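Peer 1: Quick note, the sequences are listed as chains A and B, same order. Numbering of the first sequence is given in the working numbering, commencing with residue 1483 and proceeding in unit increments. Numbering of the second sequence is given in the working numbering, commencing with residue 1483 and proceeding in unit increments. Beta carbons are placed, not taken as given, at the ideal position from N, Cα and C, and that holds for glycine. Computed from a predicted structure; not experimentally measured. Below are the structure tokens for one structure; questions will follow.
There are 2 protein chains.
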Amino acid sequence: MKTRDKILLSSLELFNERGERNITTNHIAAHLAISPGNLYYHFRNKSDIIYDIFLEYEKLVDYYLDIPEDRPLTVEDMTFYLESVFDGLWSYRFFHRDLEYLLDSDARLRRDYRDFTTRCLAAINRIFEKLAEAGILQPQPEELRSAMSLNVWLVITNWMAFLKTAHASEGTGSLTLTELKQGIYQVLTLELPYLTPAYRDRVLALREKYRPALPEPVNDPDLIKI
Amino acid sequence: MKTRDKILLSSLELFNERGERNITTNHIAAHLAISPGNLYYHFRNKSDIIYDIFLEYEKLVDYYLDIPEDRPLTVEDMTFYLESVFDGLWSYRFFHRDLEYLLDSDARLRRDYRDFTTRCLAAINRIFEKLAEAGILQPQPEELRSAMSLNVWLVITNWMAFLKTAHASEGTGSLTLTELKQGIYQVLTLELPYLTPAYRDRVLALREKYRPALPEPVNDPDLIKI
DNA sequence: ACATTATTAGAGTATATACTCTAGGCAGTC
DNA sequence: GACTGCCTAGAGTATATACTCTAATAATGT
Chain A
1483 MKTRDKILLS SLELFNERGE RNITTNHIAA HLAISPGNLY YHFRNKSDII YDIFLEYEKL
1543 VDYYLDIPED RPLTVEDMTF YLESVFDGLW SYRFFHRDLE YLLDSDARLR RDYRDFTTRC
1603 LAAINRIFEK LAEAGILQPQ PEELRSAMSL NVWLVITNWM AFLKTAHASE GTGSLTLTEL
1663 KQGIYQVLTL ELPYLTPAYR DRVLALREKY RPALPEPVND PDLIKI
Chain B
1483 MKTRDKILLS SLELFNERGE RNITTNHIAA HLAISPGNLY YHFRNKSDII YDIFLEYEKL
1543 VDYYLDIPED RPLTVEDMTF YLESVFDGLW SYRFFHRDLE YLLDSDARLR RDYRDFTTRC
1603 LAAINRIFEK LAEAGILQPQ PEELRSAMSL NVWLVITNWM AFLKTAHASE GTGSLTLTEL
1663 KQGIYQVLTL ELPYLTPAYR DRVLALREKY RPALPEPVND PDLIKI
């Protein structure tokens, strides 16, 4: 693998595990056992590394959120979207953690992220629309649909931060992909009132699959440690 | 005013405006025209300043979220809760911005914030319960109510971060209290499907008051700059 | 008046961080 | 074999940051 790609990979790994704020370019170089000079040969600065990682993230999510326009959506599609989005969020979880600072330090990133958000919101909106066309959700006026889409976006992007703060310990091992996907439970909770009778039971059953093991995730007394 | 209090006040102001990450203890001292030594006479370290500010924040929100148990809740109460919570969020907005880092650097804060979250979620839950008792919302099983409360919490605590990222510029002046309160619109959107027919129109009218001026807040092309 | 305590100034320090600079290795190729 | 273009090492640097230390000044009590 090329050094440039190794830098991106290691950076992502370290950022995810310990937070962008805690990882310096020297850390990244040391982790790869290369010299700082070498790192700076491949990237002009730390921002450029982060920007490149964002481009990967963007590409991944755009790929996941591609909506087929030639056929109706199914419950399986919805499951896939939810699973995929949370997978992506997990893989690039450092990004949302320090989002505001990152956007403040890089105008490029700010602009691109803004467009990215707009695209995501439009995709969520379109998914709702198509789920209504497919008879899974009751059709709703555009105004309500876009407010709902925004709520879904807020829940999705904030779910991980919530989990981290709700946890007692700060270790990386105490937050798992499984827990993260309980966010799907929360998103499905948002859809609940709009389900058509025909699909209600089916989606309710799906939601159950993601229900947190303990009655209240917040009160999780860490009896069960991973 | 005592120096100690001036330090807390200035810190909060600077943190809110430029982010905790960008404000050093030397900045705070310089802003107050006092020496670093003086600052460190009053606070052992930066974490202690932040912790004290959190205690204020906690106290404020706990005060706001005090729920009267001797009478039913009204729509005015609900409005008050929403307005108050967003006011508090605005006054201490730096806190949620760097939350994860702050919790990772201070075990005390982590523990206290966890309890704070639990209390807030319980309060939201209780508000929903009492709004149902008052005939404003349809009663729901505890399981759904707590999932809803969590969604409300996620929307509230993430709303500001969303606004900041959705904005094109990074200036502090471009984000206003009015915009922030459009978050109330989003929270009321969550309640919408559970409103009783008797109160539906009234809450819908209330919600309209907070509706974003432009059709899509995300696409806000900054035509109207504050 | 005197002693004690609380507060403040301001220079200073150890460490970290993002980044630079120079020298050189290594593959291919004429 | 030497030239060229890409890659790498590693020492080094300017700046920032959280925090310390000493001495002086103000406030307070007796």
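At what residues does the alpha helix (DSSP H) containing F1577/A begin and finish?
Peer 2: Here the alpha helix (DSSP H) through F1577/A covers 1575 to 1579.
Peer 1: Short of 8 Å in beta carbon distance, which residues of its chain neighbour L1585/A, apart from the five on each side in sequence? Order them along the chain.
Peer 2: Hits under 8 Å: L1591, R1592, Y1595.
Peer 1: What does T1639/A reach in chain B if we use C-beta pairs closer than 7 Å?
Peer 2: N1640, listed in chain order.
Peer 1: When DSSP labels each residue in this structure, what does L1677/A get in the three-state scheme?
Peer 2: If DSSP states are grouped into helix, strand and coil, L1677/A belongs with the strands.
Peer 1: Can V1557/A and L1688/A be called in contact, C-beta distance under 8 Å?
Peer 2: Result yes, Cβ atoms of V1557/A and L1688/A sit closer than 8 Å.
Peer 1: Give the range of the alpha helix (DSSP H) segment to which K1528/A is assigned.
Peer 2: Counting along the chain, the alpha helix (DSSP H) containing K1528/A begins and ends at 1528 to 1546.
Peer 1: Between I1535/B and I1489/B, what straight-line distance do the alpha-carbon atoms span, to the nearest angstrom?
Peer 2: Rounded to whole angstroms, I1535/B to I1489/B spans 10 Å at the Cα level.
Peer 1: Are any of the Cβ atoms in chain B nearer than 8 Å to that of Y1583/A?
Peer 2: Judged by the 8 Å Cβ criterion, Y1583/A is in contact with chain B.
Peer 1: Measure the alpha-carbon distance for D1487/A versus T1599/A and round it to whole angstroms.
Peer 2: Approximately 26 Å, taken between the alpha carbons.
Peer 1: Which residues, in chain order, does the stretch 1674 to 1693 of chain B contribute to contact with chain A at a C-beta distance below 8 Å?
Peer 2: Under the 8 Å Cβ criterion, the stretch 1674 to 1693 of chain B contributes L1674, P1675, Y1676.
Peer 1: Is it buried or exposed, M1483/A, if we count other Cβ atoms within 10 angstroms and call 16 or more buried?
Peer 2: It counts as exposed.
Peer 1: Quick check on the DSSP output: what are the complete alpha helix (DSSP H) runs of length 4 or more inside the stretch 1618 to 1688 of chain A, in order along the chain?
Peer 2: Whole alpha helix (DSSP H) segments, 4+ residues: 1624 to 1648, 1659 to 1662, 1664 to 1673.
Peer 1: Per DSSP, what kind of secondary structure is S1493/A in: helix, strand or coil?
Peer 2: Helix.
Peer 1: Would you mind telling me which residues of chain A sit closer than 7 Å to N1633/B, beta carbon to beta carbon, in chain order?
Peer 2: Under the 7 Å cutoff, chain A gives V1637, Q1668, T1671, L1672.
Peer 1: Using CA atoms only, rank isn't needed, just tell me which of E1624/B, L1613/B, S1628/B, F1576/B is closest to S1492/B.
Peer 2: It is F1576/B.
Peer 1: Which class does G1519/B belong to by DSSP, given the choice of helix, strand or coil?
Peer 2: Helix, per DSSP.
Peer 1: Can you list, in chain order, the residues of the stretch 1501 to 1513 of chain A whose Cβ is nearer than 9 Å to any Cβ on chain B?
Peer 2: The residues in question are G1501, R1503, N1504.
Peer 1: Would V1637/B pass as a contact of N1498/A if the rule is Cβ separation under 8 Å?
Peer 2: Cβ distance not < 8 Å, so V1637/B and N1498/A don't count as in contact.
Peer 1: Cutting at 8 Å between CB atoms, please list the residues of its own chain near W1635/B, excluding the five before and the five after it.
Peer 2: Taken in chain order, the residues that qualify are T1599, C1602, L1603, I1606.
Peer 1: Classify M1483/B as helix, strand or coil using the three-state DSSP reduction.
Peer 2: The answer is coil: DSSP assigns M1483/B none of H, G, I, E or B.
Peer 1: Do you know how far the Cα of V1669/B is from the Cα of D1559/B?
Peer 2: Whole-angstrom Cα-Cα distance: 15 Å.
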